[in-house]
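K.L.:
Once you've had a glance at the structure underneath, I'll fire off some questions.
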Amino acid sequence: MPRGSYTVEEFVHDITEKLNQGMDVEKLLDQGSTLLERLIGNPDCIPPEYKAPSGGGKHPNRGSYLLHRSPELLVSTVVWGPGDHVGPHDHHTWGMIGVLENKLHEIRFRRLDDGSRPDFSRLEKDRQAVSKQGEVSLLVPDVDEIHQIDNPDHRPTVEIHVYGRDLATLNRCRFDPETGAVTTFASSARYDNE
Ligand SMILES: [Fe+2]
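The C-terminal position of the sequence shown is numbered 194 in our numbering, with every residue numbered one higher than the one before it.
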């Protein structure tokens, strides 16, 4: 296949095949990230209108466009507008973030407490990471999956997000590293293209 023509449909088909093989998370992320790199190597893998913030709703400076949804696989396009910020949060599933346009600026955190208290945590900043166009950032459950996201640039960052569960039905955690407070939240079930 010529480079740059891999489609979302083909990606979903290939990832689903790996899920059906019962692959462990480490192997899935390893092989899946190669497929995601191939997908974001195609600048036309999503329609142009999915590459901009929605301009409306609760987060007008953000965009969230559904590409595929099943109980074991969620694929979406996420756009962070200029200056956008999302505080530290976790995912409770494996994830892959492929950068289609611009850069992804992340701060990754390590959890120091044992997670036994639902309302309290101790987080330590682990590292600052910048993923460039064409690169994939991985979320590994319980190991390395708490991050903060910022877009310090003057243009949107466009990403393809891939998760092992439908985030809309998942109670996840938001963290305040200063106070230790933990609050739960769930992603909106509605996408900007629905
Ligand atoms: Fe996230």
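For every residue, glycine included, the Cβ atom is placed at its ideal position computed from N, Cα and C. Computed from a predicted model, the values in this text were never measured in an experiment.
Could you check which residue in Val143, Ile97, Glu17 and Arg108 has the C-alpha nearest to that of Glu279?
P.N.:
Residue coverage of the chain in this structure runs from 1 to 194, which leaves residue 279 outside it and unanswerable.
K.L.:
Give the DSSP-derived three-state secondary structure of Ser38 in the structure shown.
P.N.:
Taking the sequence shown and counting its residues from 1, one reaches residue 38 at position 38. The question names Ser, but residue 38 in the sequence shown is Arg. Helix at Arg38.
K.L.:
Where do the ends of the beta strand (DSSP E) carrying His85 lie?
P.N.:
Numbered from 1 along the sequence shown, position 85 holds the residue referred to as residue 85. His85 to His89 is the extent of the beta strand (DSSP E) around His85.
K.L.:
Would you report the Cα separation of Asp44 and Val158, rounded to the nearest angstrom?
P.N.:
As a first step, residue 44 is located in the sequence shown; it is residue number 44 there, counting from the start. As a first step, residue 158 is located in the sequence shown; it is residue number 158 there, counting from the start. Cα to Cα, Asp44 sits roughly 12 Å from Val158.
K.L.:
Would you kindly work out how many angstroms separate the C-alpha atoms of Asp150 and Ile107, rounded to a whole number?
P.N.:
For the purposes of this step, residue 150 is taken as the residue at position 150 of the sequence shown. For the purposes of this step, residue 107 is taken as the residue at position 107 of the sequence shown. Rounded to whole angstroms, Asp150 to Ile107 spans 8 Å at the Cα level.
K.L.:
Throw me the rounded Cβ distance for the Ala52 and Val8 pair, which I believe falls under 8 Å.
P.N.:
For this step, residue 52 is matched to residue 52 along the sequence shown. For this step, residue 8 is matched to residue 8 along the sequence shown. Not quite, the Cβ-Cβ distance comes to about 18 Å (not below 8 Å), so this is no contact.
K.L.:
May I have the straight-line CA-CA distance separating Met1 from Val136, to the nearest angstrom?
P.N.:
Working through the sequence shown from its first residue, we reach residue 1 at position 1. Working through the sequence shown from its first residue, we reach residue 136 at position 136. Summary for Met1: the model assigns pLDDT 47, below 50, so the residue's position carries little reliability; its value from the coordinates is reported in the next sentence. Taking the straight line joining both Cα atoms gives about 21 Å.
K.L.:
Helix, strand or coil for Ala189 per DSSP?
P.N.:
Residue mapping note: residue 189 aligns to position 189 of the sequence shown, counting from 1. Note: Ala189 maps to coil in three-state DSSP.
K.L.:
Is the closest heavy atom of ligand 1 to the C-beta of Tyr140 under 8 Å?
P.N.:
Here residue 140 refers to the residue found at position 140 of the sequence shown. Reading off the sequence shown, one finds Val at residue 140, where the question assumed Tyr. Answer for Val140: no, Cβ out of range of ligand 1.
K.L.:
DSSP beta-bridge partners for Thr77?
P.N.:
Stepping through the sequence shown from its first residue, residue 77 is reached at position 77. In the DSSP output, where bridge partners are listed per residue, Thr77 has Tyr65 and Ile160.
K.L.:
I want to see whether chain C comes within less than 9 Å of Ile149, judged by CB atoms only; does it?
P.N.:
Note that chain C does not occur in the displayed structure, where there is just one protein chain.
K.L.:
Could you tell me which residues DSSP pairs with Arg110 in its beta bridges?
P.N.:
Locating residue 110 in the sequence shown gives position 110, counting from the first residue. DSSP output for Arg110 lists Glu124 as bridge partner(s).
K.L.:
What does the alpha-carbon distance come out to for the pair Leu170 and Asp24?
P.N.:
Here residue 170 is taken as the residue at index 170 of the sequence shown, counted from 1. Here residue 24 is taken as the residue at index 24 of the sequence shown, counted from 1. Between Leu170 and Asp24, the C-alpha separation is close to 21 Å.
K.L.:
In whole angstroms, give me the CA-to-CA distance for Ser188 and Ala168.
P.N.:
By 1-based counting over the sequence shown, the position of residue 188 is 188. By 1-based counting over the sequence shown, the position of residue 168 is 168. Cα to Cα, the separation comes out at about 6 Å.
K.L.:
Leu28 and Gly95 - do their beta-carbons sit closer together than 9 Å?
P.N.:
Working through the sequence shown from its first residue, we reach residue 95 at position 95. Working through the sequence shown from its first residue, we reach residue 28 at position 28. The answer is no: Cβ separation not under 9 Å.
K.L.:
DSSP on Asp144, reduced to helix/strand/coil?
P.N.:
Locating residue 144 in the sequence shown gives position 144, counting from the first residue. Correct three-state label for Asp144: strand.
K.L.:
Tell me whether Glu49 sits in a helix, a strand or coil according to DSSP, three-state version.
P.N.:
As a first step, residue 49 is located in the sequence shown; it is residue number 49 there, counting from the start. In the structure shown, Glu49 sits in a helix (DSSP, three-state: H, G or I).
K.L.:
Could you check the C-alpha separation between Gly57 and Val12 for me, to the nearest Å?
P.N.:
Taking the sequence shown and counting its residues from 1, the one referred to as residue 57 is at position 57. Taking the sequence shown and counting its residues from 1, the one referred to as residue 12 is at position 12. When rounded, the distance between both Cα atoms is 28 Å.
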